[in-house]
Each structure stands twice: as structure tokens, then as C-alpha cells.
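Take a look at the structure set out below.
Numbering (our numbering), first residue to last: -10 to 357.
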């Protein structure tokens, strides 16, 4: 494959991503970044079938924004990220791991993206319907931010003993278990991030009028008929809908649950086992072990009489890797959800004939 294909593909992805955003400033920033990726990819060499496509998009972006604007220097890195060293370290970690609910974080760890600015687009609802959709998205955002913070705090406190762990009577099961508040913060972060996904399914059920029982809505199953002759088939409300972000959310769920599909090799390998891990956390017994015994340089195979057969066992480093990936999936799912709603609202706008009266919601502030 020519060297420029991967770079150009990233540019094409950013172009389509930017077109879906409701903030024109974010759109322009992503399009500008995409433009330079396309130019770089073109210069490195492309497959013959991609040359005309890349030239087409370069011309379209240049026509819309202008050569001067696209090549202007944009300051993305002089934005404040907190007063204390601790806050700055946390924000830089979030940027590096691409965990801000901000599309600008997807183009790099720039300080302009160190704020969770992403929310819903303008929504049109009947006059007697309250701000429930915004309220639910508020809560989903808050839970994601809390999960992200708990995970970070747990990692940072690794090896430290909190006063709550003092005088705690536990047995050493000789398989290098990890206990303590720091580990529990990371376990709780995993729980919270996973729970966001099923709450997104609840949002989908309500907004798209799917009609499923509210007590039986899960991201795994919200897409399919649950009974009747078409049980297990994709519901018409989704099958006939031209909404690419919603399809992205659907395929994210396929990655997460590793459902039976023809092309299993295209599924996200990092998502494998997240569902089992969550079930062990919530309903059975997950045991987290030290990465290596304190006196060893590599992992050891425990003798059979020390293996905890009741536990779903996992090493701490693997659990952290899975948790971080789950946080990224939850972030992606929230962005897909908002983008799908924006596309749906635009579709509704083209067929709306009744008058509308705008209602502005004030910003909520901590302590207000």
C-alpha cells in the first residue's frame, strides 16, 4: 500500500466527522486539519483509485474555506488548563488519552480541547415536553466525567494506603491479590463507564420511539426485535434510517458484545471480554492481582492449589488497559449519540410546517 493512503484516510475521516458537528468553529478546525492530511497523503503517494477522490475533497474544502484560511496558523495550545499542578497533570492525561468530550481532542492533545464542551444540538420538541433529553445527556456526561476522574485518581494513588484501609482485616490468599481504595476507584470507574452504554440505549429507545419496555433496554439488544416471527432481526426504525452516526453506535455495540457476525475479524479486539468482565464485577467475583509478585521480575504460574476457582482473575495492568478502552468507547458512544440526534433534527427540519418558538436553557454552574 502506498505510504500516503493511511494519512489520506485519516484526512477523509476528519472531513466527514467535521461535517456532522453542530459547532461551525469545530467543523472548520477539523476540516483544516483534514485538508493538510489530504495534502500530505497526496504527496506521499496514493493508490490509483484514490487519487481523484482525494483531489475532489481537496478542491471542495479549498473552495469552501479558501486557501488563505486553510493555511493560516491556528493557535491550539495556549489555553489554560488549571491553576494547580495536580489539575494540570490530570487535564494533560485526559488530553493524551483522548478522553475529553470535545471533538478537537480527536486531532491531538491540544489544550484548546481541555474542556468537556460537547453536548446536544438544538432540539425541537412539542410545547408540553420538558427538557428531558438535555437532562439525560447532562447526567450521561457527568457520569462519564466522574468515571474518568475516578480511574485517574485510582491510578495515581496506586501503592498508597488510604486511612480507610487502616486496620482492615483481610486474609492473604497467596495469589498476590490487590485490595484498597485505589483499586476500588478503578473498579468503580469501570462499572460507571459500562453503565453509560445501557443508559444510551434508554436514550435511543425514547428519542427514536423504539417502543421497548423501559426495564428491558440494553445497548446489546435495543436494535433488534425481541419477540415474534422477526425476533433477532434489526428493527425497521433502524434498518430504514439513513443516519451514519447511529450506525456507528450500532457497530460500536457489535464490537462491545462480539455478536455473531460473518466478518468477525473486523471487530475491535480490545473490546473482547468487556461484557464478561462487567458481569463478574456486578454479579459474580472479579479478583485483581498484582502485576508481578513484589520479589519477582516476571509473572509466575500459581500452583493449582492456590488458584481461586470462584474468581474471574485478571492482572492489574490488563484491567487498567480494559478500563481505559471502555472509557474511550463510552466517550465515542456519547459523541455518536449527539451526532445522530443532530442528523435526525436536520431531517425533521426539512419536513416541518408548524411554527416554532425558541426556548433557551441557562448554563448550570457548580454550586448554583
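Just so you know, even glycine gets a beta-carbon here, dropped at the ideal spot from N, CA and C. These figures come from a predicted structure and were not determined experimentally.
Going by Cα to Cα distance, which pick from 173, 329, 276, 131 is closest to residue 227? 329
Over the uninterrupted alpha helix (DSSP H) stretch that includes residue 122, give me the two end residues. 121 to 145
Compute the Euclidean distance between the alpha carbons of residue 223 and residue 62, then round it to the nearest angstrom. 47 Å
Runs of alpha helix (DSSP H) lying entirely within the stretch 166 to 243, each at least 4 residues, in chain order: 170 to 196, 225 to 228
In the structure shown, what three-state DSSP assignment does residue 261 receive? coil
In terms of DSSP beta bridges, what is residue 274 paired with? DSSP, once it has assigned bridges, lists no residue as partnering residue 274.
Could you tell me the distance, in whole angstroms, from the CA atom of residue 255 to the CA atom of residue 239? Reliability fails at residue 255, whose pLDDT of 49 lies under 50, so the model's placement of it is uncertain and no value is given.
Take the Cβ of residue 72 as the centre, count every other Cβ of all protein chains shown within 10 Å, and call the residue buried at 16 or more, exposed below. exposed
Apart from the five residues on each side of it in sequence, which residues of its chain come closer than 6 Å, Cβ to Cβ, to residue 174? 139, 142, 143
Roughly how many angstroms separate the alpha carbons of residue 5 and residue 149, rounded to a whole number? 45 Å
Look at the alpha carbon of residue -4 and the alpha carbon of residue 217, and state the distance between them as a whole number of angstroms. 47 Å
Using 10 angstroms around the beta-carbon of residue 338, count the other beta-carbons present and answer buried if the total reaches 16, otherwise exposed. exposed
Reduced DSSP secondary structure (H/G/I, E/B, other) of residue 73: coil
Within its chain, find whatever has a CB closer than 6 Å to the CB of residue 55; leave out the 5 residues flanking it on each side and keep chain order. none
Out of curiosity, what's the CA-to-CA distance linking residue 286 and residue 320? Below a pLDDT of 50, predicted positions are generally treated as unreliable, and residue 286, at 49, falls in that range; the measurement from the model is reported next regardless. Answer to the nearest angstrom: the Cα atoms are 36 Å apart.
Reference residue 153; option with closest CA among 192, 169, 327, 164: 169
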